[in-house]
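Undergrad:
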Amino acid sequence: MIYILDVQNDQLVKAEIVVPEPNEIPLKKDGWNFNWIELSKDEHSRMFILRTIGLKPSVEGALQLKTENEMLIMNVLEIAPHNIGRKNKKYDYVAGCLIAFACKESFKLKSSYKGFLTFMAKTSLIKWYSEKYGASIGLGQRMYIDSENGLKLINEYLEK
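In UniProt numbering, the protein residues as written are 1 to 160.
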């Protein structure tokens with residue numbers, strides 16, 4: 001079971017990571033930065049959302065994964081606009097859960113990159129990815145999470 005933290009109540013809330021239904025795809029008009037409708041049309045990628053479980057499920061984050069050259073790439077990761085920042089954040093652990101999920105998916109690879117997740121990081125986030133998620137710098141802004149750190153994230157965020 002996946003849990004995210006309701007910041008205001010300091011309570012864990014059940015969540016799940018699933019392939020979205022068409023009506024669950026995040027929209028730019030709702031404050032999301034990426035055009036998830038366009039991203040969902042990419043035949044060479046898979047899209048997932050993290051949503052709360054309950055009477056009124058809500059999408060709290062989205063993830064696009066691609067496999068290129070036998071390597072799993074976290075192509076796009078976005079948390080809901082209301083989960084950004086420190087002040088008025090509704091839920092925490094959303095990015096961690098999605099990254100841990102991507103790491104878990106990387107163990108399904110049948111290549112020498114099994115257990116490795118790679119992604120491009122904004123310059124301003126390189127230090128954060130490194131410190132918070134154990135990511136290493138590959139080349140330039142290309143980062144990766146190795147199998148050892150991936151397993152730590154899976155244990156921390158997906159197997160509570």
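Note that beta-carbon positions come from the ideal geometry of N, C-alpha and C, so glycine has one too.
Computed from a prediction, not measured in an experiment: that's the story for all the values here.
CA-CA distance, residue 148 and residue 79?
TA: Translated into positions along the sequence shown, residue 148 becomes position 148. Translated into positions along the sequence shown, residue 79 becomes position 79. Approximately 25 Å, taken between the alpha carbons.
Undergrad: Can you tell me the Cα-Cα spacing of residue 154 and residue 124, whole angstroms?
TA: What you label residue 154 is simply residue 154 of the sequence shown in a count that begins at 1. What you label residue 124 is simply residue 124 of the sequence shown in a count that begins at 1. If I take the Cα positions, the gap works out to 25 Å.
Undergrad: Would you check if the distance between the CB atom of residue 20 and the CB atom of residue 49 is smaller than 7 Å?
TA: Sequence index remark: in the sequence shown, residue 20 carries index 20 (1-based). Sequence index remark: in the sequence shown, residue 49 carries index 49 (1-based). The answer is yes: Cβ separation under 7 Å.
Undergrad: From what residue to what residue does the alpha helix (DSSP H) around residue 79 run?
TA: Counting from 1 along the sequence shown, the entry for residue 79 is found at position 79. Where residue 79 is concerned, there is no enclosing alpha helix (DSSP H), although the beta strand (DSSP E) it sits in stretches over 71–79.
Undergrad: Grab the span of the beta strand (DSSP E) containing residue 139 for me, first residue to last.
TA: Residue numbering aside, residue 139 sits at position 139 when the sequence shown is read from its first letter. Per DSSP, residue 139 belongs to the beta strand (DSSP E) from 136–139.
Undergrad: If you draw a straight line from the alpha carbon of residue 116 to that of residue 99, how long is it in whole angstroms?
TA: For the purposes of this step, residue 116 is taken as residue 116 along the sequence shown, with counting starting at 1. For the purposes of this step, residue 99 is taken as residue 99 along the sequence shown, with counting starting at 1. Computed Cα separation, rounded: 12 Å.
Undergrad: Kindly identify the DSSP beta-bridge partner or partners of residue 144.
TA: Translated into the one-based positions of the sequence shown, residue 144 becomes position 144. In DSSP, residue 144 forms a bridge with 118 and 136.
Undergrad: Since residue 97 and residue 25 should fall inside the 8 Å C-beta cutoff, what is the C-beta to C-beta distance between them, to a whole number of angstroms?
TA: The count along the sequence shown starts at 1 and reaches residue 97 at position 97. The count along the sequence shown starts at 1 and reaches residue 25 at position 25. Between residue 25 and residue 97 the Cβ distance is about 19 Å, and since that is not below 8 Å, they are no contact.
Undergrad: Given residue 10, which residues of its chain have a CB within under 6 Å of its CB, disregarding the five upstream and five downstream residues?
TA: Numbered from 1 along the sequence shown, position 10 holds the residue referred to as residue 10. So the list is empty, once near-sequence residues are dropped.
Undergrad: Which residue marks the beginning of the alpha helix (DSSP H) containing residue 165, and which one marks its end?
TA: The chain is shown from 1 up to 160; residue 165 falls before or after that span and cannot be answered.
Undergrad: Identify whether residue 30 lies in helix, strand or coil by the three-state DSSP scheme.
TA: Taking the first residue of the sequence shown as 1, we reach residue 30 at position 30. Residue 30: helix per DSSP, three-state reduction.
Undergrad: Here's a check: name, in chain order, each residue in its chain whose Cβ is nearer than 6 Å to the Cβ of residue 160, leaving out the five neighbours to either side.
TA: Translated into positions along the sequence shown, residue 160 becomes position 160. So the qualifying residues of the chain are 3.
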